Amino acid sequence: MKINLKHFLWLISLLFVQIAAAQQESISGKVIDKKGMPIPGVNIILKGTNVSTQTDFDGLFKIAAKKGQILTVSYVSFNTVEVPATNQMTIELVETQNELEAVLVVGYGTQSKRNLTDNIARVTAKDIQQIPVSNVQNALVGKLAGVQITQTNGKVDGGINIRVRGAASISAGTQPLYVLDGIPLINDDESSNGAPTNPLLTLSTNEIESIDVLKDASSAAIYGARGANGVVLITTKKGKEGKGSFTVNLSQGVSEATHKRKWLNAKQYVELLQEAGRNVDDLESVEDELEYLSQGTDWRNGAVDTDWQDIALKTGYTTDADFSASGGDDKTKYFFSGAYNNTIGIVDSNTLERFTARTNVSHRVTDRLTLGMNLGFSRSLIHRVQDDNSFSSPLQSVAQAPISPARLEDGSANPNTEYSNYLLAKDNTFWKTIMRRLTGKVFGEFRILSSLKFNSDFSYDLLSQTEDYWQGKNAPFMATDGAVFATSVNTENYVSSNYFTFDKTFAEKHNLNVVAGMEFNKYHRRYQDVNSIYFSSDDFQTVDGGAEVNEGHGNETDYAFVSQFGRLNYSYMGKYLLKASIRRDGSSRFGKNERFGVFPAFSAGWVISQEEFLKDNTVLTNLKVKGSWGKLGNAEIGNFASRQLYRPNPYNLKSGLTFDQPGNNDLTWEKSAQTDFGIEVGFINRFSLEADYYQKDTDGLLFEVPLPISSGAASINKNIGKIRSNGFEVTLNTKNIDKENFKWNTSFNLTTNQSKVKSLPNDNRDIIVSYNINRVGENISSFYLVEYAGVDPENGDALFYKNTKKADGTLDRTKTNDYSEAQRVIMGNPFPTLMSGLTNTIIYKGFDFSFTFQGEWGASIYNSAGIYQSTAADYFDNQTADQLNRWQKPGDITDVPQARFGGSNGTQDSSRYLDKADFVRLRNLTLGYTLPKDVLKDLGMSSLRVYFTAVNLLTFTNYKGNDPEARRDDTGIGEDFYSAPPARTTAIGVNFNF
Numbered sequence: 001m002k003i004n005l006k007h008f009l010w011l012i013s014l015l016f017v018q019i020a021a022a023q024q025e026s027i028s029g030k031v032i033d034k035k036g037m038p039i040p041g042v043n044i045i046l047k048g049t050n051v052s053t054q055t056d057f058d059g060l061f062k063i064a065a066k067k068g069q070i071l072t073v074s075y076v077s078f079n080t081v082e083v084p085a086t087n088q089m090t091i092e093l094v095e096t097q098n099e100l101e102a103v104l105v106v107g108y109g110t111q112s113k114r115n116l117t118d119n120i121a122r123v124t125a126k127d128i129q130q131i132p133v134s135n136v137q138n139a140l141v142g143k144l145a146g147v148q149i150t151q152t153n154g155k156v157d158g159g160i161n162i163r164v165r166g167a168a169s170i171s172a173g174t175q176p177l178y179v180l181d182g183i184p185l186i187n188d189d190e191s192s193n194g195a196p197t198n199p200l201l202t203l204s205t206n207e208i209e210s211i212d213v214l215k216d217a218s219s220a221a222i223y224g225a226r227g228a229n230g231v232v233l234i235t236t237k238k239g240k241e242g243k244g245s246f247t248v249n250l251s252q253g254v255s256e257a258t259h260k261r262k263w264l265n266a267k268q269y270v271e272l273l274q275e276a277g278r279n280v281d282d283l284e285s286v287e288d289e290l291e292y293l294s295q296g297t298d299w300r301n302g303a304v305d306t307d308w309q310d311i312a313l314k315t316g317y318t319t320d321a322d323f324s325a326s327g328g329d330d331k332t333k334y335f336f337s338g339a340y341n342n343t344i345g346i347v348d349s350n351t352l353e354r355f356t357a358r359t360n361v362s363h364r365v366t367d368r369l370t371l372g373m374n375l376g377f378s379r380s381l382i383h384r385v386q387d388d389n390s391f392s393s394p395l396q397s398v399a400q401a402p403i404s405p406a407r408l409e410d411g412s413a414n415p416n417t418e419y420s421n422y423l424l425a426k427d428n429t430f431w432k433t434i435m436r437r438l439t440g441k442v443f444g445e446f447r448i449l450s451s452l453k454f455n456s457d458f459s460y461d462l463l464s465q466t467e468d469y470w471q472g473k474n475a476p477f478m479a480t481d482g483a484v485f486a487t488s489v490n491t492e493n494y495v496s497s498n499y500f501t502f503d504k505t506f507a508e509k510h511n512l513n514v515v516a517g518m519e520f521n522k523y524h525r526r527y528q529d530v531n532s533i534y535f536s537s538d539d540f541q542t543v544d545g546g547a548e549v550n551e552g553h554g555n556e557t558d559y560a561f562v563s564q565f566g567r568l569n570y571s572y573m574g575k576y577l578l579k580a581s582i583r584r585d586g587s588s589r590f591g592k593n594e595r596f597g598v599f600p601a602f603s604a605g606w607v608i609s610q611e612e613f614l615k616d617n618t619v620l621t622n623l624k625v626k627g628s629w630g631k632l633g634n635a636e637i638g639n640f641a642s643r644q645l646y647r648p649n650p651y652n653l654k655s656g657l658t659f660d661q662p663g664n665n666d667l668t669w670e671k672s673a674q675t676d677f678g679i680e681v682g683f684i685n686r687f688s689l690e691a692d693y694y695q696k697d698t699d700g701l702l703f704e705v706p707l708p709i710s711s712g713a714a715s716i717n718k719n720i721g722k723i724r725s726n727g728f729e730v731t732l733n734t735k736n737i738d739k740e741n742f743k744w745n746t747s748f749n750l751t752t753n754q755s756k757v758k759s760l761p762n763d764n765r766d767i768i769v770s771y772n773i774n775r776v777g778e779n780i781s782s783f784y785l786v787e788y789a790g791v792d793p794e795n796g797d798a799l800f801y802k803n804t805k806k807a808d809g810t811l812d813r814t815k816t817n818d819y820s821e822a823q824r825v826i827m828g829n830p831f832p833t834l835m836s837g838l839t840n841t842i843i844y845k846g847f848d849f850s851f852t853f854q855g856e857w858g859a860s861i862y863n864s865a866g867i868y869q870s871t872a873a874d875y876f877d878n879q880t881a882d883q884l885n886r887w888q889k890p891g892d893i894t895d896v897p898q899a900r901f902g903g904s905n906g907t908q909d910s911s912r913y914l915d916k917a918d919f920v921r922l923r924n925l926t927l928g929y930t931l932p933k934d935v936l937k938d939l940g941m942s943s944l945r946v947y948f949t950a951v952n953l954l955t956f957t958n959y960k961g962n963d964p965e966a967r968r969d970d971t972g973i974g975e976d977f978y979s980a981p982p983a984r985t986t987a988i989g990v991n992f993n994f
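Numbering (this note's numbering), first residue to last: 1 to 994.
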């Protein structure tokens with residue numbers, strides 16, 4: 001039989017094509033969300049095999065599979081689905097409402113909460129938006145377990161203290177590292193007037209998408225030498241693919257003090273002082289001073305009754321307006337925003353005006369390359385008042401006599417008050433601070449493979465601040481016909497980050513995520529100030545108006561960090577979780593022998609609910625145990641603590657140098673080893689409980705160790721000392737009601753903390769500073785005071801416990817009226833040992849209602865102004881109303897001693913002025929209503945919401961002072977010294993969406 005060779009070869013070729021086609025049969029398709037938008041980066045696995053792929057930027061995919069085979073499709077924040085394969089298939093994913101699928105921001109990446117072995121607390125935009133506060137941190141209060149946030153006092157520019165899981169240092173920095181879109185933010189307090197400012201006033205809540213707080217070592221170790229105090233990751237809003245949107249928010253609020261102390265009126269003041277004068281046979285001199293203070297008015301009959309507190313604490317006002325525009329397509333995404341805030345504070349003459357703007361843009365240049373830029377700008381103008389320790393501070397006016405007129409008949413400030421009248425400062429001075437901030441980031445992402453990408457970021461932060469302090473001819477204590485003090489400081493920080501990310505699932509069981517990279521950080525600061533005196537007219541209010549520039553200063557400083565970092569996350573079948581990270585930091589701040597440090601961390605988790613015996617349980621829907629350990633550093637010790645320093649010391653117009661500080665080439669980071677054990681439990685996908693125990697041991701505390709006089713220096717900086725912070729955290733989230741038209745969610749958190757001193761330099765010798773002590777075995781910065789024992793009912797003497805050590809080592813609890821016989825003892829803790837927060841959110845049809853309660857227990861406050869304002873008329877300061885309960889006759893039972901003018905009867909520093917600061921506060925409340933969409937369809941709006949919101953609406957406390965959160969702003973730990981209470985603000989607003 002003759003075979004046609006041509007036909008035979010054609011049949012053979014066709015056979016090979018069919019075989020190849022059978023071997024390479026593939027399925028293609030697209031993955032979209034419920035709006036029809038493509039989702040890039042979706043994982044698609046052929047079930048039961050190790051065949052997998054990912055969608056591209058258009059949501060398209062192609063996988064080697066046959067029709068009918070099962071594909072497992074998964075993506076973070078979306079429900080995982082299993083679908084049979086068909087050609088040209090379209091798979092729609094639905095966003096999950098399960099908090100386990102929430103995506104948290106971690107250093108140099110993101111991670112789903114389901115696979116998390118770290119301890120990270122998070123709030124999102126909806127948790128903080130439209131809360132009428134002037135700074136971002138105050139919007140977080142009560143919402144994060146393990147995070148204590150306290151504004152120093154009620155001034156609009158008041159400094160903020162944040163403690164993450166207690167103290168990690170005594171003498172070095174205690175504030176967390178703030179990172180905005182990967183940019184470590186400058187957080188230096190550049191205030192020149194004695195009271196701190198808050199550099200993060202420059203941020204607006206309308207530009208923030210989420211805030212993640214890295215609390216344990218496993219999460220924060222990727223930031224190495226700067227993570228010991230916790231890390232706050234702030235993520236700004238980005239554009240999303242889809243139809244563009246435009247949002248406008250407007251609100252107006254009114255503020256007043258949360259609480260005002262009761263003071264003596266004119267009649268009570270005169271009565272108490274006359275009694276105090278009679279009790280020491282000095283009534284005549286007392287009445288002579290009363291005559292002077294009243295300025296010729298009839299003080300005996302109460303002709304003048306000035307309420308100085310009402311003059312100092314005013315009704316405040318807040319105005320907020322912001323807008324944002326966002327959108328994008330499959331290639332370009334954009335977000336633009338702007339915000340305006342004008343806050344007239346409750347403290348007289350204290351205001352804030354802020355403008356912010358932001359642009360975030362990203363563009364997919366090719367299927368592999370994406371470029372983008374984030375740019376933010378803000379300008380904050382603050383009219384400030386003096387620090388709490390200044391006679392010119394408004395709150396110190398409460399010390400003035402109520403019989404003194406605040407102003408004279410011509411309207412000018414009364415210059416003849418007991419102390420300097422702050423109204424003289426109001427009329428004849430100003431302290432103006434302007435903070436300008438520019439943050440920028442340009443970034444590129446190149447996807448080398450579907451599972452491997454490279455990121456390169458360059459970030460920049462510039463904080464520029466100027467201060468102008470003008471004093472006119474009639475300013476308090478003015479002796480040079482006016483003065484102007486002007487400062488200028490420019491601080492810049494730039495960071496270059498380059499890192500690879502590998503993320504791949506093998507055989508449908510093994511998920512591996514690896515990050516490795518390098519980073520360089522350079523910081524530079526330049527400061528100048530100048531002072532000018534002798535002005536011909538108060539109309540000249542700048543430096544060049546003075547006849548003599550009598551003083552000037554300037555300095556420049558910088559530091560650098562160079563770092564390598566890596567992190568590995570491994571998950572087996574979503575059940576067994578492992579994580580390891582390491583960072584090596586080198587810093588110019590430390591001694592040349594200890595310039596580099598290595599900071600490792602490890603964590604593991606077991607998702608028990610994914611085991612076969614629990615996997616299909618509909619009641620216990622999540623059960624995970626986890627643990628972590630790691631080491632972190634604290635680099636906030638200043639730039640030159642390790643260096644041998646000399647300073648200029650000119651004399652008689654001749655230059656000279658003076659030895660200033662001995663060097664220490666072995667000085668290094670304070671190192672914090674942290675351990676965390678936790679459990680997560682979820683029930684019926686509606687209730688979740690998370691409980692953790694943490695322990696933070698910090699070693700190598702930085703202290704100034706005394707040196708022999710022969711050395712030529714008083715002390716040298718060394719790493720000596722240990723502290724420990726430990727406690728428990730509990731977070732409970734519940735979906736109480738979850739229906740289409742009615743939803744009610746609750747979030748509760750509780751934290752305990754003990755921060756103890758474990759060792760100190762100089763053979764564990766006590767370190768005493770003012771009213772505080774650091775002693776081994778005791779709380780950090782415990783109050784150290786003579787213990788007040790009340791009043792002798794027979795003669796009205798103030799009594800104190802001796803508390804001297806007896807031969808057997810016990811304390812002598814004998815009472816004495818001789819203050820010098822009493823010894824100081826530890827009397828309290830300036831920091832709370834228990835904190836809690838409770839948030840409820842209720843949505844019913846178009847109505848939404850939410851509120852947050854916050855509570856703190858275990859802290860005390862020492863009122864260091866008590867020796868002036870609560871002394872039963874020891875001097876002419878006005879007194880708190882409780883001094884009317886003074887001892888007057890034998891047999892009286894009271895804790896207020898007999899009034900004795902100049903007699904120092906119980907006026908010494910003691911626990912008489914120490915008070916418990918426990919409180920529960922209705923921190924914020926919001927009630928809103930969103931109009932039905934059919935009402936808005938002809939107006940071109942997608943939604944319109946009106947709302948009422950309030951901050952610090954109610955406070956429950958037994959604290960006797962202004963407020964349990966108010967602290968003095970110039971110095972001290974846990975002190976109140978004429979400190980302004982926080983503001984209680986109520987506001988109404990409207991939100992438009994187009």
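Glycine residues also receive a C-beta, built at the ideal position from the N, C-alpha and C atoms. These figures come from a predicted structure and were not determined experimentally.
Measuring straight from C-alpha to C-alpha, what distance separates residue i and residue j?
{"i": "S412", "j": "G224", "result": "58 Å"}
{"i": "R226", "j": "M37", "result": "40 Å"}
{"i": "Q883", "j": "A872", "result": "5 Å"}
{"i": "I211", "j": "R122", "result": "6 Å"}
Report yes if the C-beta distance between residue i and residue j is below 8 Å; otherwise report no.
{"i": "A145", "j": "T751", "result": "yes"}
{"i": "F901", "j": "V280", "result": "yes"}
{"i": "T343", "j": "T351", "result": "yes"}
{"i": "D666", "j": "R647", "result": "no"}
{"i": "D692", "j": "G678", "result": "yes"}
{"i": "N878", "j": "P176", "result": "no"}
{"i": "F919", "j": "P890", "result": "no"}
{"i": "I162", "j": "Q137", "result": "yes"}
{"i": "G239", "j": "N360", "result": "yes"}
Provide the residue span of the beta strand (DSSP E) that contains residue i, from first to last.
{"i": "K671", "result": "670 to 683"}
{"i": "W887", "result": "W887 -> no beta strand (DSSP E), and no H or E assigned at all."}
{"i": "W470", "result": "452 to 471"}
Can you list, in chain order, the residues of its chain whose CB lies under 8 Å from that of residue i, leaving out five sequence neighbours each side?
{"i": "V990", "result": "N249, L250, S251, L944, R945, V946, Y947"}
{"i": "Q268", "result": "A881, L884"}
Hey, could you find the ends of the alpha helix (DSSP H) residue i is sitting in?
{"i": "I973", "result": "Here I973 belongs to no alpha helix (DSSP H), and DSSP marks it neither H nor E."}
{"i": "L1065", "result": "The requested residue 1065 does not occur in the structure, where the chain is confined to residues 1 to 994."}
{"i": "I131", "result": "Counting along the chain, I131 falls outside any alpha helix (DSSP H), and DSSP gives it neither H nor E."}
Enumerate in chain order the residues of its own chain whose CB-to-CB distance from residue i is below 6 Å, with the five nearest sequence positions on each side excluded.
{"i": "Q854", "result": "V141, G142, G837, R921, R923"}
{"i": "E353", "result": "N342, L381"}
{"i": "S910", "result": "L785, V786, Y788"}
{"i": "E729", "result": "A145, G146, D692, T751"}
{"i": "L925", "result": "F851, A950, L953"}
{"i": "S532", "result": "V484, V543, G546, V549"}
Might you give, ordered along the chain, the residues of its own chain that have their beta carbon closer than 7 Å to the beta carbon of residue i, omitting 5 neighbours on each side?
{"i": "K34", "result": "E92, V94"}
{"i": "G182", "result": "K441, D457, S459, S497"}
Continuous beta strand (DSSP E) assignments of at least 3 residues falling wholly in the segment 766 to 845: Contiguous beta strand (DSSP E) elements confined to the segment 766 to 845 occur at 767 to 769, 772 to 774, 782 to 786, 788 to 791, 798 to 801, 824 to 828, 834 to 844, taking only those with 3 or more residues.
Residue ranges of each beta strand (DSSP E) within the segment 597 to 661, 3 or longer: As far as the segment 597 to 661 is concerned, its whole beta strand (DSSP E) runs of at least 3 residues are 620 to 634, 645 to 648, 657 to 661.
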